[in-house]
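Numbering (our numbering), first residue to last: 5 to 302. In this text, a Cβ means the ideal position worked out from N, Cα and C, and glycines have one as well. Beneath this line is the structure, given in structure tokens, with notes to follow.
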Ligand code: NAD
């Protein structure tokens with residue numbers, strides 16, 4: 005059987021190009037550009053990689069990225085001051101605080117301090133709640149990326165059983181909130197599984213679309229997948245690899261080799277959900293910018 009790879013690199017690239025065109029058009033009319041503040045506290049190597057990738061995407065589409073680096077020793081107060089400054093800055097349309105924050109920082113408090121109208125990560129409870137209610141609001145970028153990737157490849161979702169392994173606030177729960185809506189590209193029956201779920205095997209085998217967001221390399225094996233089911237691997241895990249220059253390689257939560265032999269379309273890692281996440285961050289930032297322009301012109 006030939007495996008269909010749901011190529012997040014190709015789809016995100018197409019989205020970034022179309023966003024770039026859109027930004028150029030708005031610029032011609034308004035002489036203004038979107039701005040994204042990227043805040044990194046500390047020196048977590050994975051976070052640094054993500055932040056650089058986000059800045060690169062900004063440059064590609066024409067979003068001004070404003071870089072803020074804080075040392076953990078500066079404390080939560082410095083971060084709170086920075087966020088209130090960014091909330092008030094009319095040239096900043098999106099605020100991204102790279103998570104996780106170092107020990108001693110109250111992550112939830114920080115998320116809730118970001119003005120929901122600039123919360124382009126879609127983590128503020130206001131946006132989370134709005135999305136659950138089917139109201140306009142910023143969707144979290146990773147689940148939004150999964151949704152758009154499935155849509156791009158015309159993967160049927162309506163009426164299908166989507167089983168998500170993982171109930172985090174950044175992947176599992178918000179993905180359910182998007183796919184369960186009465187909306188085009190959604191209308192799914194969604195089951196969220198987690199570490200306390202009983203009969204996990206039975207649940208995953210009943211999935212038309214299986215989403216893995218666990219954080220355990222190769223957790224999903226072929227026996228867990230119904231033949232022909234769609235498999236979405238959200239996992240990004242670093243595993244030691246002495247053959248790699250960096251000393252590690254990135255793998256997903258799905259054992260791609262065995263699973264791709266039985267499943268239908270599947271996302272690779274890297275090159276699947278990861279690039280889509282960044283593209284959706286750009287999309288949310290442009291949406292915020294457009295709302296801002298509309299407000300100003302009222
Ligand atoms: P998390 O640690 O917050 O959540 C993991 C979830 O897995 C939990 O809800 C837990 O209940 C569940 N789980 C753990 N062990 C289980 C088991 N044995 N059976 C069933 N469920 C189990 O993780 P997260 O932040 O949601 O991230 C999950 C993965 O996705 C990680 O690899 C992370 O790096 C990756 N991720 C990728 C992107 C992206 O852009 N592609 C974005 C965010 C997270």
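TODO: Starting from the Cα of residue 78, find the closest Cα among 195, 46, 102, 190 and give me that residue.
DONE: 46
- [ ] For residue 13, I'd like the list of residues in its chain whose CB is within less than 6 Å of its CB, leaving aside the five on either flank, ordered along the chain.
- [x] 275, 279
Open item on the list: Does residue 304 come out as helix, strand or coil in the three-state DSSP assignment?
Closed with: Since the first and last residues shown for the chain are 5 and 302, residue 304 lies out of range.
Task: Residue environment, residue 249, which counts as buried when at least 16 other CB atoms sit within 10 Å - done: exposed
Open item on the list: I'd like the list of long-range same chain contacts for residue 134, defined as Cβ closer than 6 Å, with 5 residues on each side in sequence excluded.
Closed with: 141
Task: Sequence ranges, beta strand (DSSP E) only - wholly within the region 245-283, length at least 3 - done: 252-255
Open item on the list: Taking DSSP's pairing of strands, which residues face residue 1 in a bridge?
Closed with: The chain is shown only over 5 to 302; residue 1 falls outside these bounds and no answer can be derived.
Task: Endpoints, beta strand (DSSP E) assigned at residue 100 - done: 98-101
Task: Counted within 10 angstroms of its Cβ, other Cβ atoms place residue 40 as buried (16 or more) or exposed - done: buried
Open item on the list: Distance check for residue 128 and residue 115, CA to CA, integer angstroms please.
Closed with: 6 Å
TODO: May I ask you to check if the CB of residue 41 is nearer than 6 Å to at least one heavy atom of the ligand NAD?
DONE: no
Task: Stretch-stretch touch, CB-based, cutoff 8 Å, three pairs: the region 24-32 with the region 82-96 - done: no
Open item on the list: Below 6 Å, is the gap between the Cβ of residue 241 and the nearest heavy atom of the ligand NAD?
Closed with: yes
Open item on the list: So if DSSP puts residue 41 in a beta bridge, which residue, or which two residues, is it bridged to?
Closed with: 70, 99
- [ ] Work out the CA separation of residue 169 and residue 196 for me, nearest whole Å.
- [x] 6 Å
Task: residue 259 at chain C interface by Cβ criterion, 7 Å - done: In summary, chain C is missing from the structure at hand, where a single protein chain is found.
- [ ] Check whether the Cβ atoms of residue 183 and residue 192 sit closer than 7 Å, and answer yes or no.
- [x] yes
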